[in-house]
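See below for the structure under consideration.
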Amino acid sequence: DGGITQSPKYLFRKEGQNVTLSCEQNLNHDAMYWYRQDPGQGLRLIYYSQIVNDFQKGDIAEGYSVSREKKESFPLTVTSAQKNPTAFYLCASSTTQGTGDLRLYTGELFFGEGSRLTVL
Amino acid sequence: KQEVTQIPAALSVPEGENLVLNCSFTDSAIYNLQWFRQDPGKGLTSLLLIQSSQREQTSGRLNASLDKSSGRSTLYIAASQPGDSATYLCAQRGGSGYSTLTFGKGTMLLVSP
């Protein structure tokens, strides 16, 4: 079955540690996204990537880093610089059209099941 | 900055009722709008996607409409069931399609038997 797989589902981290959340998709989508969800705040965009080896900062990128070495994979690292890392993290993907700067985010967005990070 | 507002924040109805969830957006140059469902502790499930050229989309008991002139979308759920209990979110993609989605905070729906 096609879909988006996030792992781990639950993760506990001590302060000062970096952690990496995995996101893999087999939908053949070009665009991938990372969102953070906090109670009462809705979804906020951390990073997104239109194509392999390219990614852009979203609204709350500070304290996070990503890579896009393969089309199928878009891992998110929560660094020790992130002041409030405890949250529910959601990965998503969608299709696009066009090329380069004219790439349009046209497609329906699909989400993984999420990863809940708790800092102890 | 684009904003998406969902009213009400929470809604409780008895089983069998038809109901309407509202979503308003500030960017009149909307490209498309998507409705999602989220169960507690889970990811988002896509329900309906409406392109700017469309007025509505239907899937089973769900019907979503789009009115660009008023900056509103509604999600109509017919004959509600306890299994419909979840948080419903709308998200707008603005401009000419180059932008990413802006999400509302959601409406938490409880359908009681």
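Keeping their order, the protein sequence lines are chains C and Z. Under the numbering used here, the first sequence has 78 at position 92, and the numbering climbs by one with no breaks. In the numbering used here, each residue carries its 1-based index in the second sequence increased by 1211. Note that CB positions come from ideal geometry on N, CA and C, so glycine has one too.
Through-space distance from residue j to residue i, alpha-carbon basis
i       : j       : result
G1271/Z : L62/C   : 36 Å
T1216/Z : L1312/Z : 13 Å
N73/C   : G49/C   : This sequence places Ala at residue 73/C; Asn is not what is there. The alpha-carbon atoms of A73/C and G49/C are separated by roughly 13 Å.
Q1265/Z : L1277/Z : 7 Å
L76/C   : A1302/Z : 15 Å
Y1242/Z : Q1262/Z : 6 Å
T81/C   : Y19/C   : 12 Å
V1322/Z : R102/C  : 27 Å
S1296/Z : D1250/Z : 8 Å
S1223/Z : Q1245/Z : 23 Å
G1315/Z : T1256/Z : 15 Å
A78/C   : F96/C   : 5 Å
R1248/Z : T65/C   : 30 Å
Y33/C   : F60/C   : 10 Å
V52/C   : D40/C   : 10 Å
Host beta strand (DSSP E) of residue i (start-end)
i       : result
T1216/Z : 1215 to 1218
A1275/Z : 1273 to 1278
R102/C  : 101 to 105
E1267/Z : 1267 to 1270
V1231/Z : 1230 to 1236
T1298/Z : 1297 to 1305
L13/C   : Taken as a continuous stretch (DSSP letters only), L13/C belongs to no beta strand (DSSP E), as it is neither H nor E.
N70/C   : Element bounds for N70/C: n/a, residue is neither H nor E.
Beta bridge counterpart(s) of residue i as assigned by DSSP
i        : result
G(-12)/C : BP columns for G(-12)/C are empty, so no partner.
V1224/Z  : V1322/Z
V64/C    : V5/C, Y50/C
D40/C    : I37/C
Distance CB(residue i)-CB(residue j) smaller than 8 Å
i       : j       : result
L108/C  : Q(-8)/C : This structure gives no information on residue 108/C, because the portion of chain C shown stretches from -13 to 106.
S35/C   : R22/C   : no
E1226/Z : Q1292/Z : yes
L1232/Z : T1298/Z : no
A1240/Z : G1305/Z : yes
D45/C   : L31/C   : yes
Q11/C   : I37/C   : no
Listed in chain order, which residues of the stretch 1251 to 1263 of chain Z have Cβ atoms closer than 8 Å to some Cβ of chain C? G1252, K1253, G1254, L1255, T1256, S1257, L1260
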